[in-house]
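Inspection log for the structure reproduced underneath, given as structure tokens.
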Amino acid sequence: MGDLSNKTVKRKKVLRKAGFIFLITILFMTFFSKTINNLLLPEVECSYPIGGKMVRTIEVSGEVKALNTEKIYSYGNVEIIEVRVQNGNRVSKGDVLALVDETDAMAGLKSSELEVLALENELKNYKNSFEAIDITLYEKAAAMAFKQMQDREENLKAIKTLYEQGAESYKSLKDAESSAQFARDDYAEKLVLIEKMNIEKADKEDEFKRTVSHMSLVLEVKKEELDSLKKKVPGNGEIISAVDGTVNTVTVEEGFMANSGQLLFEIVKKETKFTVKWKLDVLKAESFDEGDKVTINFKTSDGIEIEDIVDRKVLLPLEGIYEFSSNIDTEGLKPEDGQSVDVSISKETGNYEVVVPKSSIIKGSTGDYIFVLKERKGSLGDELYVEEAMIQVLDSDDLNSAIKPTADISKEKVVSYSSKMLMNGTQVKLR
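In the numbering used here, the protein residues as written are 2 to 432.
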């Protein structure tokens, strides 16, 4: 009996230990399974939708341009003997920029003087050779024809009276009628001829006036060019600065042959203003207009940036692109003509009730949709999962999208990032 009791006690102890071990194992396996499951779940980031505006932004390279510059051109065909400045040099009005050999330029000046003289003689000869049409001869002939017509009308009247009295023959009457009709026709022809000659006279005089006007204008232009050339050819071979400023462009060097009208120097005037210019293709440019905000980075070591607006938007038809410009405030800055800058142009559009991260939008075969975060009871307790929600995109910028509001969308947590591909109902965990 005692042995049986001892065996029973031992059996119970074994069963208790086995049950405890089993329970511990179950708890461990449950925890381990949940841990393994959690490790394999996609990690997601979520955010609540908010209201706001879309902000379109484009970054592009631009260039600083001086608005007030003085360009100095060659006044004739000259050889550069010496160049006394280089880019970046500050100059004052009257400073010598270069020395040139004026031999060819002086020859050009003499040639211009001869050209003006030739034009003056040509105009004078043309005026002297003009002969106006004299209408008085035609008017005298018409007056004589009128007098003859009156005489023959009087003669016809007298013969008709005599014919009615039987004193003149029928033949005499007909001859008088023919003579009177001839005089009438002759007078009418004379009047037509006068009208024709008046038109020819007016046309000839008009052509004369227009020719004289044109020749005088050409002569005046040539005289002005000659006067300007005389002022530009100093006679001492010096090219001088007409303003105070900074040399921005030098196109020649010693020994160079410069042609008449060729750009030699460009000087940024001392009190000049600056603008920043950049270009955009038509597709990008259509989103931006004058008045939109711009941020300009001068790419300096101290990271200078200024904020301004678009002052001008112009289509360049030959290039098929738009040029934008922003006139900048240079206080505290030292911009240089031709300096490269980074331009960021932005524009706010709309005012939307529901805005979500652009990364939330997924394009499906039946339309756009997002995933919203949900919670449910699972075999291992409460779990998070995602659910598809069809949406309509109203507008987008680089970071966000505005969507059409629905009854519950503003209260939902919208998935903006996932470490793995998601499907409707996929269990997830928060990152």
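Even glycine gets a Cβ: it sits at the ideal position worked out from N, Cα and C.
Pairwise C-alpha distance: residue j and residue i
i      : j      : result
Ala108 : Asn78  : 9 Å
Glu206 : Tyr76  : 40 Å
Met55  : Ala403 : 7 Å
Gly304 : Leu431 : 38 Å
Ser113 : Leu227 : 6 Å
Phe33  : Ser302 : Residue placement at Phe33 is poorly supported in this model, since its pLDDT is 49, which falls under 50; the coordinates still yield a value, given next. The alpha-carbon atoms of Phe33 and Ser302 are separated by roughly 56 Å.
Val344 : Lys300 : 10 Å
Thr252 : Asn126 : 45 Å
Thr350 : Glu388 : 30 Å
Leu98  : Asp396 : 58 Å
Arg91  : Gly262 : 24 Å
Gly333 : Asp309 : 15 Å
Tyr418 : Ser360 : 7 Å
Glu105 : Ser93  : A small correction: the amino acid at residue 105 is Asp; Glu does not occupy that position in the sequence shown. The straight-line gap from Cα to Cα measures roughly 28 Å.
Leu174 : Val213 : 58 Å
Asp176 : Leu192 : 25 Å
Gly167 : Lys197 : 46 Å
Asp369 : Thr58  : 24 Å
Leu100 : Lys223 : 27 Å
Pro43  : Met424 : 11 Å
Lys294 : Glu354 : 24 Å
Glu208 : Asn129 : 15 Å
Met216 : Leu230 : 21 Å
Ile346 : Ser288 : 10 Å
Glu320 : Asp282 : 9 Å
Residues near residue i in its chain [Cβ-Cβ closer than 7 Å; skip 5 each side]
i      : result
Asp312 : Glu291, Ser326, Ser327 and Asn328
Ile241 : Gly95, Asp96, Val97 and Leu98
Leu163 : Glu169
Asn352 : Lys54
Arg377 : Glu384 and Tyr386
Phe239 : The sequence shown places Glu at residue 239, not Phe. If we look at Glu239 and ignore the five residues flanking it on each side, its Cβ neighbours are Val97 and Leu100.
Residue burial classification, residue i (beta-carbon count within 10 angstroms, cutoff 16)
i      : result
Glu103 : buried
Phe266 : buried
Gly63  : buried
Asn401 : buried
Leu138 : exposed
Arg153 : buried
Asp338 : buried
Asp398 : buried
Tyr171 : exposed
Pro318 : exposed
Met422 : exposed
Leu284 : exposed
Phe183 : exposed
Leu157 : buried
Asn210 : In the sequence on display, residue 210 carries Lys and not Asn. Result: exposed.
Leu110 : buried
Lys405 : exposed
Met150 : buried
Lys348 : buried
Ala408 : exposed
Val45  : buried
Val373 : buried
Ser420 : exposed
Ala181 : buried
Per DSSP, cross-strand counterpart(s) of residue i
i      : result
Val277 : Val65 and Ser327
Ala435 : Lying outside 2 to 432, the shown extent of the chain, residue 435 is not represented and no answer is given.
Leu163 : Answer by DSSP bridge pairing: none, since Leu163 is not bridged.
Pro358 : Asn401
Val269 : Thr70 and Thr247
Glu376 : Leu385
Leu264 : Tyr74
Proximal residues to residue i (C-beta, below 8 Å), its chain only, five neighbours per side dropped
i      : result
Thr331 : Lys274 and Phe275
Leu220 : Val117, Leu120, Glu121 and Leu124
Ile1   : With the chain represented from 2 up to 432, any question about residue 1 goes unanswered, as that position is not in the structure.
Glu254 : Ile81 and Val84
Val342 : Ser62, Gly63, Glu64, Val65, Val277, Ile297, Asn298, Phe299 and Lys300
Asn88  : Val248, Asn249, Thr250 and Val251
Gly426 : Tyr386, Val387 and Glu388
Lys270 : Ala67, Asn69, Thr70, Glu71, Val244, Asp245 and Gly246
Glu306 : Thr296, Ile297, Asn298 and Phe299
Cβ neighbours of residue i in the same chain (closer than 6 Å, five flanking residues each side left out)
i      : result
Lys280 : Ile322 and Glu324
Val356 : Ile51, Gly53, Asn401 and Ala403
Ile371 : Ser361, Ala390, Ile392 and Val415
Phe257 : Ile81
Val315 : Glu324
Phe147 : Tyr188
Residue i Cβ short of 7 Å to the ligand ADP heavy atom set
i      : result
Gly365 : The model on display carries no ligand, and the ligand ADP is accordingly not part of it.
For this session: Indicate whether the contact test is met: 3 or more Cβ pairs, each with one atom in the region 240-250 and one in the region 60-77, closer than 8 Å.
Result: yes
Exercise. At a cut of 8 Å, does the region 37-52 reach the region 405-415 through at least three beta carbon pairs?
Worked result: yes
Exercise. Does the region 196-204 come within contact of the region 129-147, defined as at least 3 CB pairs closer than 8 Å?
Worked result: yes
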